[in-house]
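Okay, so the sequence shown: first residue is 243 according to our numbering, each after it adds one.
Just so you know, even glycine gets a beta-carbon here, dropped at the ideal spot from N, CA and C.
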Amino acid sequence: MREHKINGLVVMALSKAFKGIHNESLDLFRENNITFSQFAVLEALYTKGFLTIQEIIDVVLTTSGNMTVVIKNLEKNGLVVKETNPKDKRSYVISLTPKGRELIKSIFPEHMKILTKRLDVLTKEEKNTLLATLKKLY
């Protein structure tokens, strides 16, 4: 098979795999009135604690313009709070509110079930190989 055809098939397979997981996750997020980006922010704050906006951007791999909107909407919905950074008064840190913590605590296990269900078709060795291979792409 020609190289360009293999490349196309690889990209298509990656896209289909992502889309399947993403779509199932979106159903869960819609049920809880949040977007994929909002979930990513809530998850980052849940697993890492309070973060600056730049740290959130680095974790969820998005743009600063989009992140500003995502955080404003999470604030508006009472899920996060933005406070002056105690280490640098020129910046802010974002943290979960009790409402935000409860929401992510209820959604996170369900999201992990989706990921587990999708990835359990692979052995641990296959997962490690896939991870190592994908890391070569970035």
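N- and C-terminal bounds of the alpha helix (DSSP H) containing residue i
i, result
"T310", "S306 to K318"
"V363", "It is not in any alpha helix (DSSP H) - V363 carries neither H nor E in the DSSP assignment."
For residue i, three-class secondary structure by DSSP
i, result
"Y380", "coil"
"R332", "strand"
"N274", "coil"
"L287", "helix"
"L303", "coil"
"T339", "coil"
"L373", "helix"
"L293", "strand"
The ligand SAH heavy atom lying under 7 Å from the CB of residue i
i, result
"T277", "The ligand SAH is not part of the structure shown, which contains no ligands of any sort."
Whole-angstrom C-beta distance between residue j and residue i, which should lie under 8 Å
i, j, result
"L321", "K341", "6 Å"
"H353", "S267", "6 Å"
"F292", "S337", "4 Å"
"I276", "I295", "In fact, because the Cβ distance is near 18 Å, the residues do not count as touching under 8 Å."
"I346", "E285", "6 Å"
Neighbour-count burial assignment, residue i, 16 or more Cβ in a 10 Å radius
i, result
"F281", "buried"
"I248", "exposed"
"M254", "exposed"
"M309", "buried"
"F260", "exposed"
"V283", "buried"
Minimum Cβ-Cβ distance from residue i to chain E less than 8 Å
i, result
"L293", "No chain E is present in this structure, which holds just one protein chain."
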